[in-house]
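**Student:** One structure is given below, represented as structure tokens, and several questions about it will come after.
Residue numbers (this note's numbering), protein chains in the order written: chain A, 1 to 327; chain B, 328 to 654.
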């Protein structure tokens, strides 16, 4: 099966650009609704951070380090590198007796406008704490310390990544179709869209064991602290705030988005074939509307919904639309 | 015919993302080589600025205002809003007895890192001169003054835009399939990929009349001043510099790229269906390599060719590849 048309850009009454992709809405028993190819193999990228955080909680490392919900939210975050995020991750590392130099995620300029401006205007280089994945890496370091493993925690055969792979294969119920190196240097395991949606359904309907408790705890941390999971002006934060704790959503690079919907016991995974973020954001927001979880008139989510696009003079120049049949 | 796979992103031995689109290489007699659907209707966006500048030259307005090749290059530019570009367009308007307020392009933060930093760190708002289309608009104002037309030169029925539409339909040899409003508020007319490639072939093999002289003059201006057509760190500038006056290339929003190749009497037009810039740049650079116009080992163009992608720590994480069969 090929990718399905999901989101289109229209201008002057003509279709200017088209984003195709794959979407699966699943419960623990399997596919409930799908577009494109549920068997398409993808890299979840940062959309699976709550899966990568499972060993941190299940191993007892999170409790041993007395991690708070704020820290668990950061472990699942692709944050903006605002002072809020950088400060919290820095304190977390200090509490472990570690510092920024122990991270293996690399440094990049933060997305947060204020922090970016502070760095650029003071000619200060960003540090690894600014990396959008620094919270996930602080979680890896916490587990690394707990199991007394070596410092190169992003190596594929490091006990931390072996534990992550085991959890990933269990919750997707698939053997990893492969692995790649993510932007933050950590391994990222491949699975089908269906497998990723199934994993999210597991978080939506957690069991009573250690796995279920960890899933519930990570979901609760994400929805309790949407500002830590991404940041101001970001889709994940705006959508989670708008859904007031009912749903956790998480983006991943190259057009991936997932959702965890406990009240419906549903999980969602989607991948835009071309990797386009604008389409991934419009698609997940459209699905939240489709499931009655957001209000079309909520100004906080309007910019992520399909609708008119304006130019530098405020003129409407085009429109982002749902492709016919989606959803 | 549907879009053809052109550029792919690979990670860990798996295809992570795919960009499809339409490509036509044409001479004045028609299609020489094509991928995807040559009849696909597109908006050329900024890739057709040399067409939008034809009435400026053909009307005698450019000569009456004593425009230099530098100004004609700016009329065809999507510039970075560097001090170089902002200063030159400002002087041009002053020479006409006009100022920034006469522009109708709107203001946006420039792409140029130095100028952007200067504005952000001094809390100065960008002005319309910073708009990447300000040179095109200065050309429109020059023609407007020459023909003594009213100030609202971006209106569809304004004499300037009627002249642009006439030239556009003549060089594409098609009746415009429609029109939209561009990011800079000017009308942008729709045509087929084949029509846009045919128009570029016309610039590559200009006749001896007023049209041919204008086409030759605009081509010469673009290749003589690649730094004015885009700016440092931009594909158009890097590729034109690398091809040392032999070829003019121009990008347009939503994944469009064109090329004018006089020595082969060829024109090229391509559109990435999803609007992806990374794929449009990789595709046009791949075609220049395919036609023997650039050297695979030229470090100045390496970042626009398909090849390895590295992350924040310099690790190779993936690879941009040509899809099978392209080119």
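Where a beta carbon is used, it is the ideal one built from N, C-alpha and C, also for glycine.
Since the model is a prediction, treat every value here as computed from it, not as a measurement.
At a CB-CB cut-off below 9 Å, which residues of chain B make contact with residue 312 (chain A)?
**Tutor:** Simply 432, 433, 434, 435, 455, 458, 510, 511, 512.
**Student:** Determine the chain A residues that contact residue 417 (chain B) at a beta-carbon separation under 7 Å, and present them in chain order.
**Tutor:** Near residue 417 (chain B) there are no residues of chain A at all, since even the closest Cβ is about 18 Å away, more than 7 Å.
**Student:** Please report the straight-line C-alpha distance between residue 569 (chain B) and residue 575 (chain B), rounded to a whole angstrom.
**Tutor:** Cα-Cα distance, rounded: 11 Å.
**Student:** Should residue 51 (chain A) be labelled buried (16 or more other beta-carbon atoms within 10 Å of its own) or exposed?
**Tutor:** Buried, because 16 or more other Cβ atoms sit within 10 Å of the Cβ of residue 51 (chain A).
**Student:** Taking the alpha-carbon of residue 142 (chain A) as reference, which of A:238, A:73, A:56, A:81 has the nearest alpha-carbon?
**Tutor:** Minimum Cα distance to residue 142 (chain A) is reached at A:56.
**Student:** Pick out the complete beta strand (DSSP E) segments inside the stretch 71–125 of chain A, 3 residues or longer, and give them in chain order.
**Tutor:** Runs of the beta strand (DSSP E) inside the stretch 71–125 of chain A: none found.
**Student:** Hey, out of A:47, A:13, A:314, whose CA is closest to residue 431 (chain B)'s CA?
**Tutor:** Of the candidates A:47, A:13, A:314, the one whose C-alpha sits nearest the C-alpha of residue 431 (chain B) is A:314.
**Student:** Can you check whether the CB of residue 256 (chain A) is closer than 9 Å to the CB of residue 20 (chain A)?
**Tutor:** Against a cut-off of 9 Å, the Cβ pair of residue 256 (chain A) and residue 20 (chain A) comes out as no contact.
**Student:** Going by DSSP, what residues sit across from residue 578 (chain B) in a beta bridge?
**Tutor:** In DSSP, residue 578 (chain B) forms a bridge with B:584.
**Student:** Here's the rule I'm using: 16 or more other beta-carbon atoms within 10 Å means buried, otherwise exposed. How should residue 448 (chain B) be labelled?
**Tutor:** Classification for residue 448 (chain B): exposed.
**Student:** Using C-beta distances below 6 Å, list every residue in its chain close to residue 43 (chain A), excluding the 5 sequence neighbours before and after it, in chain order.
**Tutor:** These residues qualify, in order along the chain: 180, 188, 190.
**Student:** What residues are listed by DSSP as bridge partners for residue 637 (chain B)?
**Tutor:** Per DSSP, B:643.
**Student:** In chain A, what lies closer than 8 Å to residue 577 (chain B) by C-beta?
**Tutor:** Residues of chain A passing the Cβ test: none, with the nearest at roughly 18 Å.
**Student:** State yes or no: is the C-beta of residue 491 (chain B) within less than 9 Å of the C-beta of residue 512 (chain B)?
**Tutor:** In this structure, residue 512 (chain B) does not lie closer than 9 Å to residue 491 (chain B) by Cβ.
**Student:** In the DSSP assignment, find the beta strand (DSSP E) that holds residue 496 (chain B) and state where it starts and stops.
**Tutor:** That residue, residue 496 (chain B), is in no beta strand (DSSP E); its alpha helix (DSSP H) goes 486–499.
**Student:** Going by Cα to Cα distance, which pick from A:240, A:215, A:274 is closest to residue 224 (chain A)?
**Tutor:** Nearest C-alpha to residue 224 (chain A): A:240.
**Student:** Check for me: the beta strand (DSSP E) holding residue 271 (chain A) runs from which residue to which?
**Tutor:** From DSSP, the beta strand (DSSP E) with residue 271 (chain A) extends over 266–272.
**Student:** Would you list the residues sitting across from residue 354 (chain A) in a DSSP beta bridge?
**Tutor:** As displayed, chain A neither begins before 1 nor continues past 327, which places residue 354 (chain A) out of reach and without an answer.
**Student:** Report the CB separation of residue 524 (chain B) from residue 596 (chain B) in whole angstroms; it is logged as a contact under 8 Å.
**Tutor:** About 4 Å separates the two Cβ atoms, so the contact holds.
**Student:** Would you call the stretch 199–217 of chain A and the stretch 124–131 of chain A touching, i.e. three or more CB-CB distances under 8 Å?
**Tutor:** Taking 8 Å as the limit for Cβ pairs, the verdict is that the stretch 124–131 of chain A does not touch the stretch 199–217 of chain A.
**Student:** Taking the alpha carbon of residue 25 (chain A) as the reference point, which residue from A:84, A:302, A:301, A:259 has its own alpha carbon closest?
**Tutor:** The shortest C-alpha separation from residue 25 (chain A) is found at A:259.
**Student:** For residue 513 (chain B), which three-state DSSP category applies?
**Tutor:** Coil at residue 513 (chain B), not helix or strand.
**Student:** Who are the Cβ neighbours of residue 33 (chain A) in its own chain at under 6 Å, not counting the five residues just before and after it?
**Tutor:** Taken in chain order, the residues that qualify are 25.
**Student:** Please report whether the beta-carbon of residue 628 (chain B) lies at a distance below 9 Å from any beta-carbon of chain A.
**Tutor:** Taking Cβ atoms only, chain A never reaches closer than 9 Å to residue 628 (chain B), which makes this a no.
**Student:** Using a C-beta to C-beta distance shorter than 8 Å, which residues of chain A count as neighbours of residue 341 (chain B)?
**Tutor:** Simply 41, 43, 177, 178, 180, 190.
**Student:** For residue 121 (chain A), go through chain B and note every residue whose CB falls closer than 8 Å to its CB, in chain order.
**Tutor:** What residue 121 (chain A) touches in chain B: 444, 447, 448.
**Student:** Relative to the C-alpha of residue 643 (chain B), which residue among B:649, B:635, B:650 is closest?
**Tutor:** Answer by Cα proximity: B:635.
**Student:** I'd like to confirm the pairing. Which residues does DSSP put opposite residue 346 (chain B) in its beta bridges?
**Tutor:** Residue 346 (chain B) is bridged to B:334.
**Student:** What does residue 102 (chain A) touch in chain B if you count any residue whose Cβ is under 9 Å from its own?
**Tutor:** Simply none; closest approach about 14 Å.
**Student:** Hey, how far is the Cα of residue 500 (chain B) from the Cα of residue 522 (chain B)?
**Tutor:** If I take the Cα positions, the gap works out to 7 Å.
**Student:** Name the chain B residues whose beta carbon is nearer than 7 Å to that of residue 274 (chain A)?
**Tutor:** Within 7 Å Cβ-Cβ: 344, 345, 346, 601, 603.
**Student:** Between the C-alpha atoms of residue 341 (chain B) and residue 334 (chain B), what's the straight-line distance to the nearest angstrom?
**Tutor:** So the alpha carbons of these two residues sit roughly 14 Å apart.
**Student:** Could you give the distance in angstroms between the alpha-carbon of residue 326 (chain A) and the alpha-carbon of residue 36 (chain A)?
**Tutor:** When rounded, the distance between both Cα atoms is 10 Å.
**Student:** Pull the bridge partners of residue 352 (chain B) from the DSSP assignment, please.
**Tutor:** In DSSP, residue 352 (chain B) forms a bridge with B:360, B:595.
**Student:** Restricting to Cα atoms, I'd like to know which of A:64, A:311, A:277 is closest to residue 139 (chain A).
**Tutor:** The candidate whose alpha carbon is nearest that of residue 139 (chain A) is A:64.
**Student:** Along chain A, which residues have their Cβ under 9 Å away from the Cβ of residue 648 (chain B)?
**Tutor:** Those within 9 Å of residue 648 (chain B) in chain A number zero; the least Cβ separation is about 14 Å.
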